[in-house]
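Peer 1: One structure is given below, represented as structure tokens, and several questions about it will come after.
Residue numbers (the numbering used here), protein chains in the order written: chain A, 44 to 452; chain B, 805 to 1101.
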């Protein structure tokens, strides 16, 4: 009897030790991108905070990868298919079909339904996430959004005698008037508009297409071609830097920060840097309405991979980012628009002028069509636009090709 | 009888056993991926359309034969290789001749001249990208100060200047390789040959043509061949400087393959990669013939 008791005791101790060991060893590999080093450091601090406070023995290991104008999504897909992907990753909705089509993502419905913070996030956002997967399941967890708007330098507007444009025509006119030779040497010193002709430029470009009268479904329509022609004219008339065809995110932001451009399009993620540099001499407005109006909702979500061994632990981390302390920290530092109602209500978000413009732009903000052609279309977009900007093809030919490739079956 | 045979059998198997680890490694990292690429080139293998993955025969090859981007990229590859490798060789040879002379500080110059070769391609590309920048680049600043230009040139944003700009970068990177290899060759040439040429009254130029270059024939041949293959396959410099733009102006076949593979169209990318491999094999045939002839001789 004693022997049996001793054996049972030893076994129960082993089971306890094993379960403790297992709990301690729950590691979640997390991939993310960050727009600059400060944001990357913030993410690592959030991870350290979560690891120290979750009380469930979950250790998140964060690995930073560059966004690379969308190359991140392709690298993530390749890694996941090859078996080397993470458990959880930051994500863009447009990439959903490729991942769902390859059965890589774990459905989140059961986790969300049982989650006490479920109602912190607006139902419409869940619906957007659900529609992106193309099935009746949510694969993508809301995290934060960024609405693209126009940054401008009030001092340059004043010097050029331009007021904040309220219509598309006024905006185009402002681009012309803000382009100036400030020192009288016959060369342009300030360009009206910082144009992004390289990777990622399709989102600000979309504003012109809608203002011209087009939309994503009809890129070859008369209105869309007009928007494209306006875009070309801005470049060929010299209202954008000559380097515009190859300018990506870093270049357009640097050009604005150096005073080379008077306006450029980006989201609230750049506002902290801008305010630090310019103080009060930077402001923003929603891209004005022409025939139509659209701006990009730069969504960022998180996803859990089907290969994740401990999905409950992974969801704990996703919840921390979506409605927990991670939501507040990340949105405070980056200035992104929070998705959790509790965080949206905080003073720091209510009093931020750039947040105000983001919220103003939200009703006309949308995302690119989520199709299995979208990833390749985004990759080809710079080459097509560069050809049009450099006069190798017409606006009409460019838009026809973009329409055909986006909506190809 | 048996006693005599055993050692012979052992000696027959032993070399193969020694080669086995290398063969296994070669099989895993070279042969299997090539077979895999060939297999994928006959498939519709687009990871964004996983339900359509399957064999489609020669369709990818038929498509690329009618793809104007494939042919224009192939032409740009030829320009990239001819000018890139040609200038690397020329300047590398000149540098090797200089470094072969005795002068004060030669060791330091030799070490410094290696820097471009040991710097990672991505870093080189980013460095040159900023140097060429049309708004803040140091090259524009220098040209402006020298009074050679009146307005900044957007080197990487204009089709006419983008390709020459990336070629200059790859030339800068590759000069040390040629210099180093040719210098090693130069140091292997017997001084007696130069002495004999001097006695025969040869000028410096004649020594170069009739002694130096013939003595370096094999080195020149091997290094040029290797560099042609490397440069034709290189993606890092172009992609990080221009991503093949503007408007495809710097898109070589390797960059096109990379972009297609990045867009997850592995089938079409594999078909183009196989075509590039065949083209490079054609270029490598003289090298292979030369190697085998030397071995037979």
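Glycine included, each C-beta is placed from N, C-alpha and C at the ideal position. Treat the numbers as computed from the prediction; the structure is a model and nothing was measured.
Is the beta carbon of residue 1031(B) less than 8 angstroms from the beta carbon of residue 892(B)?
Peer 2: Locating residue 1031(B) in the second chain gives position 227, where the first residue counts as 1. Locating residue 892(B) in the second chain gives position 88, where the first residue counts as 1. Contact: yes.
Peer 1: Beta-carbon separation of residue 174(A) and residue 415(A) under 8 angstroms?
Peer 2: Mapped onto the first chain, residue 174(A) falls at position 131. Mapped onto the first chain, residue 415(A) falls at position 372. Going by C-beta atoms, residue 174(A) is not nearer than 8 angstroms to residue 415(A).
Peer 1: Between the alpha carbons of residue 92(A) and residue 98(A), how many angstroms are there, rounded?
Peer 2: Here residue 92(A) is taken as the residue at index 49 of the first chain, counted from 1. Here residue 98(A) is taken as the residue at index 55 of the first chain, counted from 1. Using only the alpha carbons, I get a separation of about 11 angstroms.
Peer 1: Apart from the five residues on each side of it in sequence, which residues of its chain come closer than 8 angstroms, Cβ to Cβ, to residue 805(B)?
Peer 2: The sequence position of residue 805(B) within the second chain is 1, counting from 1. Annotation note: pLDDT 45 at residue 805(B) (below 50); position unreliable, no value reported.
Peer 1: Please list, in chain order, the chain E residues whose beta carbon lies closer than 7 angstroms to that of residue 303(A).
Peer 2: In the structure shown, chain E does not exist; the protein chains are A and B.
Peer 1: Per the DSSP calculation, residue 74(A) is bridged to which residue(s)?
Peer 2: Your numbering for residue 74(A) matches position 31 in the first chain. Partner(s): 106(A) and 132(A).
Peer 1: So what does DSSP say about residue 912(B), is it helix, strand or coil?
Peer 2: Stepping through the second chain from its first residue, residue 912(B) is reached at position 108. Correct three-state label for residue 912(B): helix.
Peer 1: From residue 156(A) to residue 367(A), what distance separates their C-alpha atoms?
Peer 2: Translated into the one-based positions of the first chain, residue 156(A) becomes position 113. Translated into the one-based positions of the first chain, residue 367(A) becomes position 324. Going from the Cα of residue 156(A) to the Cα of residue 367(A) covers about 17 angstroms.
Peer 1: Relative to the C-alpha of residue 851(B), which candidate in 941(B), 885(B) and 1066(B) has its C-alpha closest?
Peer 2: The residue labelled residue 851(B) in the question sits at position 47 within the second chain. The residue with the shortest Cα to Cα distance from residue 851(B) is 1066(B).
Peer 1: Is the Cβ of residue 300(A) closer than 8 angstroms to any Cβ of chain B?
Peer 2: Along the first chain, one-based indexing puts residue 300(A) at 257. Chain B contact via Cβ: absent.
Peer 1: Roughly how many angstroms separate the alpha carbons of residue 854(B) and residue 360(A), rounded to a whole number?
Peer 2: Translated into positions along the second chain, residue 854(B) becomes position 50. Translated into positions along the first chain, residue 360(A) becomes position 317. About 30 angstroms.
Peer 1: Which chain A residues are close to residue 1052(B), counting only those with a beta carbon under 7 angstroms from its beta carbon?
Peer 2: Taking the second chain and counting its residues from 1, the one referred to as residue 1052(B) is at position 248. Those within 7 angstroms of residue 1052(B) in chain A are 426.
Peer 1: Between 433(A), 351(A) and 308(A), which has its C-alpha nearest residue 73(A)'s C-alpha?
Peer 2: The residue labelled residue 73(A) in the question sits at position 30 within the first chain. Residue 351(A) is the option with its Cα nearest to residue 73(A).
Peer 1: Is there a Cβ of chain B sitting closer than 8 angstroms to that of residue 241(A), yes or no?
Peer 2: Position 198 of the first chain, counted from the first residue, corresponds to residue 241(A). Yes, contact with chain B.
Peer 1: Enumerate in chain order the residues of its own chain whose CB-to-CB distance from residue 918(B) is below 6 angstroms, with the five nearest sequence positions on each side excluded.
Peer 2: Along the second chain, read from residue 1 onward, the residue named residue 918(B) stands at position 114. These residues qualify, in order along the chain: 980.
Peer 1: Going straight from the alpha carbon of residue 185(A) to that of residue 365(A), what length do you get?
Peer 2: If you number the first chain from 1, residue 185(A) lands on position 142. If you number the first chain from 1, residue 365(A) lands on position 322. Between residue 185(A) and residue 365(A), the C-alpha separation is close to 6 angstroms.
Peer 1: Is residue 829(B) buried or exposed, if buried means 16 or more other CB atoms sit within 10 Å of its CB?
Peer 2: Along the second chain, read from residue 1 onward, the residue named residue 829(B) stands at position 25. Exposed, because fewer than 16 other Cβ atoms sit within 10 Å of the Cβ of residue 829(B).
Peer 1: Within the segment 927-960 of chain B, note down every full alpha helix (DSSP H) run reaching 4 residues or more, in order along the chain.
Peer 2: Taking only runs of at least 4 residues, the alpha helix (DSSP H) segments lying wholly in the segment 927-960 of chain B are 942-949.
Peer 1: Using 8 angstroms as the limit for Cβ to Cβ distance, is residue 1068(B) near chain A?
Peer 2: Residue 1068(B) sits at position 264 when you count from the first residue of the second chain. For residue 1068(B), the answer is yes, since a Cβ of chain A falls inside 8 angstroms of its Cβ.
Peer 1: DSSP three-state call for residue 192(A): helix, strand or coil?
Peer 2: Counting from one through the first chain, the residue named residue 192(A) turns up at place 149. Three-state DSSP puts residue 192(A) in a strand.
Peer 1: Please list, in chain order, the chain B residues whose beta carbon lies closer than 7 angstroms to that of residue 429(A).
Peer 2: Working through the first chain from its first residue, we reach residue 429(A) at position 386. Near residue 429(A) (Cβ distances below 7 angstroms), the residues of chain B are 1049, 1050 and 1051.
Peer 1: Do you know whose CA, among 1090(B), 1081(B), 898(B) and 1060(B), lies nearest residue 422(A)'s CA?
Peer 2: Translated into the one-based positions of the first chain, residue 422(A) becomes position 379. Ranking 1090(B), 1081(B), 898(B) and 1060(B) by Cα distance to residue 422(A) puts 1060(B) first.
Peer 1: So, at 7 angstroms on beta carbons, what are the nonlocal neighbours of residue 1075(B) in its own chain, with the 5 sequence-adjacent residues on each side left out?
Peer 2: The residue labelled residue 1075(B) in the question sits at position 271 within the second chain. Closer than 7 angstroms at Cβ, skipping near neighbours: 845, 864, 865 and 868.
Peer 1: Our contact map puts residue 1029(B) next to residue 936(B) with C-beta atoms below 8 angstroms; I'd like the distance itself, whole angstroms only.
Peer 2: The sequence position of residue 1029(B) within the second chain is 225, counting from 1. The sequence position of residue 936(B) within the second chain is 132, counting from 1. Rounded, the Cβ-Cβ distance is 30 angstroms, inconsistent with contact.
Peer 1: For the beta strand (DSSP E) containing residue 236(A), name the first residue and the last one.
Peer 2: Taking the first residue of the first chain as position 1, residue 236(A) is located at position 193. Segment 234-237, the beta strand (DSSP E) holding residue 236(A).
Peer 1: Distance check for residue 314(A) and residue 375(A), CA to CA, integer angstroms please.
Peer 2: Along the first chain, one-based indexing puts residue 375(A) at 332. Along the first chain, one-based indexing puts residue 314(A) at 271. Residue 375(A) and residue 314(A): Cα-Cα distance of roughly 11 angstroms.
Peer 1: Counting C-beta neighbours from all protein chains within 10 Å, is the total for residue 182(A) 16 or more, i.e. buried, or is it exposed?
Peer 2: Position 139 of the first chain, counting from 1, holds the residue named residue 182(A). Classification of residue 182(A): buried, given that the 10 Å Cβ count is 16 or more.
Peer 1: Whose C-alpha, out of 1053(B), 949(B) and 921(B), is nearest the C-alpha of residue 896(B)?
Peer 2: Locating residue 896(B) in the second chain gives position 92, where the first residue counts as 1. Nearest of 1053(B), 949(B) and 921(B) to residue 896(B), Cα basis: 921(B).
Peer 1: Among residues of its own chain, excluding the 5 on either side of residue 306(A), which ones have a beta-carbon nearer than 6 angstroms to its beta-carbon?
Peer 2: Here residue 306(A) is taken as the residue at index 263 of the first chain, counted from 1. Answer for residue 306(A): 193, 195 and 236, listed in chain order.
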